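A short worksheet on the structure shown next.
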């Protein structure tokens, strides 16, 4: 049936995102960042939301939207982007739908901001690593901090890896370009 097919696809997306996240964490542990990351790896997404430096806002998004983005990422992870409505999101946030629309133009803007947050954090990690002279230590820094961040913001990363096809073509292209730039930066 259609529902069974949707659940299977949803489960595969979650499994893929979990597999990617655990590969990063295993790589971080093997890479020698045990002392650096054990506390950070054990933090929940809610704990990390309290740390503004670890979770910068997407550009152009008002500060009040942090809660919207956090809740939307969790709901998109749980239900899928297409199965989450603005009504559902407003209800979970405890606000009215008009109040939600006063803060954002819709689901697509929210999805784009979730992608932007992940990409901005990856850019920040890469920029911080460029200050490290030893290439091996710089790579360890990147792996450790990316593993920590993906563990802290698990739902953001699951949306990032699972819902790219929901973005309009121009945003997909921009995100692919930024991802390539990040990978090129890691290689250097």
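In the working numbering, the protein residues as written are 1157 to 1344.
From the three backbone atoms N, C-alpha and C, an ideal C-beta is built for every residue, glycine too.
Quantities reported herein were computed from a predicted structural model and do not represent experimental measurements.
Same chain, Cβ closer than 8 Å to residue i, neighbours up to 5 away in sequence not counted
i, result
"residue 1200", "Unreliable positioning characterises residue 1200 in this predicted model, as indicated by a pLDDT of 42, which lies under 50. The coordinate reading is nonetheless provided below. The residues are 1308."
"residue 1244", "1231 and 1235"
"residue 1288", "1294 and 1297"
"residue 1282", "1298, 1338, 1341 and 1342"
"residue 1327", "1268 and 1271"
Rounded distance between the beta-carbons of residue j and residue i, thought under 8 Å
i, j, result
"residue 1223", "residue 1270", "That belief does not hold up - the Cβ atoms of residue 1223 and residue 1270 are roughly 13 Å apart, past 8 Å."
"residue 1249", "residue 1227", "5 Å"
Same chain only: Cβ atoms within 7 Å of residue i, ignoring 5 sequence neighbours per side
i, result
"residue 1127", "Limits of the chain in this structure are 1157 at one end and 1344 at the other, which puts residue 1127 out of reach."
"residue 1319", "1232, 1237 and 1267"
Candidates the options: closest to residue i by CA position
i, options, result
"residue 1237", "1317, 1283, 1282 and 1293", "1317"
"residue 1240", "1278, 1262 and 1340", "1262"
"residue 1324", "1292, 1264, 1253 and 1247", "1264"
"residue 1333", "1315, 1322 and 1279", "1279"
Other residues of its chain near residue i: CB distance less than 6 Å, five sequence neighbours each side excluded
i, result
"residue 1285", "1294, 1297 and 1298"
With three or more C-beta pairs closer than 8 Å as the rule, is the segment 1272-1290 touching the segment 1306-1324? yes
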